[in-house]
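Residues 67 to 516 (the working numbering) make up the sequence shown, in order. Following: one structure in structure tokens, then a few remarks.
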Amino acid sequence: MRYLAEMLNKSLLIAAVALFPALSAFAQKPAPLVIISLDGMRPDYVTHADEHGLKVPTLRTFLTQGTWAEGVEGVIPTVTYPSHTTIVTGVWPVEHGIYSNVRFDPLGEHPGVWYWEFSAIEVETLYQAASKAGLRTGAVSWPVTVGAPIDYNIAEHAQSEETATPAISPYNPPDILERLHIHPAKDADTDETKTAEAVAILRQDKPDLMLVHLANLDHQEHQHSPFSPEANAALEKLDVQVHQIEQAALAVDPATRIAIVSDHGFYRIDHIIHLNALFTKAGLITLGHRKAGEDDAPVLSWKAEAWTAGGSCAILLHDTDDAATLAKVKAVLDKAKANPKLGIAQILSHDEIAARGGFPNAAFLVEFKEGFGSGGNTSGAVVEDSPHTGTHGYLPSTPAMRSAFMLKGRGIAAGRDLKVIDMRQIAPSFAEMLGVTLPAAKQPPVHYQP
67 MRYLAEMLNK
77 SLLIAAVALF
87 PALSAFAQKP
97 APLVIISLDG
107 MRPDYVTHAD
117 EHGLKVPTLR
127 TFLTQGTWAE
137 GVEGVIPTVT
147 YPSHTTIVTG
157 VWPVEHGIYS
167 NVRFDPLGEH
177 PGVWYWEFSA
187 IEVETLYQAA
197 SKAGLRTGAV
207 SWPVTVGAPI
217 DYNIAEHAQS
227 EETATPAISP
237 YNPPDILERL
247 HIHPAKDADT
257 DETKTAEAVA
267 ILRQDKPDLM
277 LVHLANLDHQ
287 EHQHSPFSPE
297 ANAALEKLDV
307 QVHQIEQAAL
317 AVDPATRIAI
327 VSDHGFYRID
337 HIIHLNALFT
347 KAGLITLGHR
357 KAGEDDAPVL
367 SWKAEAWTAG
377 GSCAILLHDT
387 DDAATLAKVK
397 AVLDKAKANP
407 KLGIAQILSH
417 DEIAARGGFP
427 NAAFLVEFKE
437 GFGSGGNTSG
447 AVVEDSPHTG
457 THGYLPSTPA
467 MRSAFMLKGR
477 GIAAGRDLKV
487 IDMRQIAPSF
497 AEMLGVTLPA
507 AKQPPVHYQP
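Shown next, in the form of structure tokens:
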């Protein structure tokens with residue numbers, strides 16, 4: 067009998083030892099993190115809400131109850147896809163490989179092709195690191211996530227059942243919309259749909275890391291300019307949607323940390339400058355015959371062409387070793403800069419662009435002044451009135467291009483102003499919260515702990 071008791075005690079001890087790592091890992095599991103990106107939100111929408119007559123009670127709680135930055139200095143160019151990729155990798159575009167929103171297409175063979183697919187990212191992401199650590203991940207409309215290794219993913223590129231099916235499914239699992247009982251209509255308020263999707267994933271699947279991208283503010287700013295009545299109304303609606311997501315997350319786990327980020331700021335714009343039309347006149351672009359109904363003639367060949375990005379554009383050479391073309395392009399740009407009607411603020415050289423982590427193959431980067439933006443027409447007028455009144459894409463050192471960063475939740479200091487931070491600090495901060503590492507990220511986390 068004594069022998070049986072000793073054997074039983076020994077078996078229980080072995081079982082306890084075997085179970086200890088699992089129990090320890092469970093006990094040490096980090097509190098969930100929900101990251102909500104409000105596309106195009108300048109920080110002063112919140113920090114100076116009263117000046118703009120804005121009612122954003124949920125967002126304002128981050129200033130008193132959380133840690134926040136007066137501004138985030140972003141990347142070249144200050145547009146959505148490179149910025150969102152930096153937010154989840156901690157490195158510049160030259161390292162992560164997402165150089166703009168739309169891929170460079172000098173001959174117009176693949177118009178409107180964006181950097182949709184995760185496979186274009188060249189370094190490890192926050193959601194990959196989280197998955198490796200055994201954490202569940204979710205995402206709704208986060209840029210560059212088609213085909214990403216995210217457990218519950220509704221990638222940007224397919225927010226409607228009527229959207230054409232891409233080569234790689236934007237859904238994981240494939241039946242996720244059916245599981246969530248969400249069937250977005252083509253004309254639905256997309257942020258409303260995204261909010262419903264995020265809330266459903268949080269409630270049903272309980273991810274440890276959740277990424278959400280809401281974009282209606284950006285749309286209204288493009289159409290009507292920043293701080294317009296339309297943009298302000300969009301932000302007030304976003305404030306309600308942030309509250310809905312926050313409440314859903316806290317209902318699942320009261321320890322959840324909530325982060326608000328944005329990708330870029332905004333300027334008002336009145337004029338569009340088509341540098342490619344100048345290049346055509348200079349013999350740097352050769353055009354075919356324009357067909358009836360088409361806005362522009364097809365490009366047959368090119369020696370230099372502008373890759374537009376809102377308030378700036380990269381100038382690429384067909385032959386990067388062509389010194390004569392390089393000199394000719396510089397002469398065209400210098401002459402253009404001297405013309406105040408073209409609104410050029412500055413021209414960066416290849417080395418200057420490289421030092422700031424943008425467009426690795428660009429010979430030049432042209433930044434425009436406030437009120438001016440880049441267009442892609444290869445013929446016709448060089449200067450046109452802008453069909454919309456807001457844009458971004460200017461250099462990240464421009465104060466109006468600064469984006470937002472706010473944190474709130476358990477373990478986050480209250481009322482802490484971080485001043486201006488580097489966008490590359492955001493991913494390491496999130497990684498630290500989740501107890502994971504991002505080997506490519508070199509910037510330190512922000513000081514968010516009490």
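Built from N, CA and C at the ideal position, the CB exists for glycine as well.
Asked, Found
"T457 bridges to which residues according to DSSP?", "Y333"
"Taking the Cβ atom as the reference point for each residue, do S440 and G376 lie within a distance shorter than 9 Å?", "yes"
"By alpha-carbon positions, which one of P364, A186, G477, V502 ends up nearest to V212?", "A186"
"CA-CA distance, L283 and L301?", "6 Å"
"With a 10 Å radius around its C-beta and 16 neighbouring C-beta atoms as the bar for buried, classify G119 as buried or exposed.", "exposed"
"Quick one: Cα of A205 to Cα of H279, how far?", "8 Å"
"Pull up the CB-CB distance for Y165 and P177, whole angstroms please, since I reckon it's below 8 Å.", "Between P177 and Y165 the Cβ distance is about 17 Å, and since that is not below 8 Å, they are no contact."
"Classify K272 as helix, strand or coil using the three-state DSSP reduction.", "coil"
"Give a yes or no on contact between the stretch 478 to 493 and the stretch 369 to 386, applying the rule of three or more CB pairs nearer than 8 Å.", "no"
"Near A81, what residues of its chain come up, given a Cβ to Cβ distance below 7 Å and the 5 sequence neighbours on each side ignored?", "Since pLDDT at A81 reaches only 46, below the 50 mark, its modelled position is unreliable, and no value is offered."
"Let me know the secondary structure DSSP gives M499 once reduced to three states.", "helix"
"For P98 versus A315, is the C-beta spacing smaller than 9 Å?", "yes"
"When you compare only the Cα positions, how much space is there between T127 and D257?", "21 Å"
"Inspect the CB distances between the stretch 324 to 338 and the stretch 98 to 113 and report whether three or more fall short of 8 Å.", "yes"
"So the candidates are P236, A195, G354, R202; which of them puts its Cα closest to the Cα of W208?", "P236"
"Count the other C-beta atoms from every protein chain shown that fall within 10 angstroms of the C-beta of L246, then say buried if there are 16 or more, exposed otherwise.", "buried"
"Could you give the DSSP three-state label for D284: helix, strand or coil?", "helix"
"Please state if the CB of F430 and the CB of G409 are separated by a distance shorter than 9 Å.", "no"
"For F293 versus T457, is the C-beta distance shorter than 9 Å?", "no"
"Answer with buried or exposed for S197, where buried requires no fewer than 16 other C-beta atoms within 10 angstroms of its C-beta.", "buried"
"Starting from the Cα of G501, find the closest Cα among A470, Y193, A135, T130 and give me that residue.", "Y193"
"With 16 as the cutoff for other CB atoms within 10 Å, does R108 come out buried or exposed?", "buried"
"Who are the Cβ neighbours of D388 in its own chain at under 8 Å, not counting the five residues just before and after it?", "K369"
"Is T211 helix, strand or coil by DSSP?", "coil"
"Measure the C-alpha to C-alpha separation of L473 and E188 and round it to an integer number of angstroms.", "28 Å"
"Can the beta-carbon of V179 be found closer than 9 Å to that of R169?", "yes"
"Could you tell me if K121 is buried or exposed, where buried requires 16 or more neighbouring beta carbons within 10 angstroms of its beta carbon?", "exposed"
"Is the separation between the beta-carbon of I142 and that of L461 shorter than 9 Å?", "yes"
"So, helix, strand or coil for I102, using DSSP?", "strand"
"For W182, which residues from the same chain have a beta carbon less than 6 Å from its beta carbon, with the 5 sequence-adjacent residues on both sides left out?", "V212, H223"
"Inspect the beta-carbon positions of D274 and P96 and report whether they are closer than 9 Å.", "yes"
"Opposite M472 in the DSSP bridges: which residues?", "W134, I326"
"Kindly indicate which three-state DSSP category L304 falls into: helix, strand or coil?", "helix"
"Should G137 and R468 be called a contact, given that it needs their Cβ atoms to be closer than 9 Å?", "yes"
"Would you kindly work out how many angstroms separate the C-alpha atoms of G354 and S445, rounded to a whole number?", "11 Å"
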